[in-house]
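Engineer: In the numbering used here, the protein residues as written are 3 to 69. Glycine included, every Cβ here is placed at the ideal spot set by N, Cα and C.
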């Protein structure tokens with residue numbers, strides 16, 4: 003789910019993956035600077051969850067189609 007700008011509410015298309023890689027961003031509409039400093043525990047849990055999803059996809063890739 004993409005996040006809107008917290009100031010002007012314009013859709014930015016920011017995803018969790020983008021925010022984790024670029025915690026400081028600027029809104030192209032209103033110019034506000036956003037600092038999304040991710041908690042390292044949350045980032046680790048997110049990466050672990052993605053790893054689990056990938057392993058499930060790999061396990062069932064011959065019998066199921068994932069989008």
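Work out the CA separation of residue 38 and residue 55 for me, nearest whole Å.
Structural biologist: 25 angstroms
Engineer: Report yes or no: do three or more beta-carbon pairs, one from the region 23 to 36 and one from the region 45 to 63, lie closer than 8 angstroms?
Structural biologist: no
Engineer: Could you tell me which of 69, 60, 7 sits nearest to residue 26, measuring between CA atoms?
Structural biologist: 7
Engineer: According to DSSP, simplified to helix, strand and coil, what is residue 28?
Structural biologist: strand
Engineer: Which residues bound the alpha helix (DSSP H) around residue 45?
Structural biologist: For residue 45, the uninterrupted alpha helix (DSSP H) run begins and ends at 42 to 62, by DSSP.
Engineer: Can you give me the start and stop residues for the beta strand (DSSP E) that residue 15 sits inside?
Structural biologist: 13 to 16
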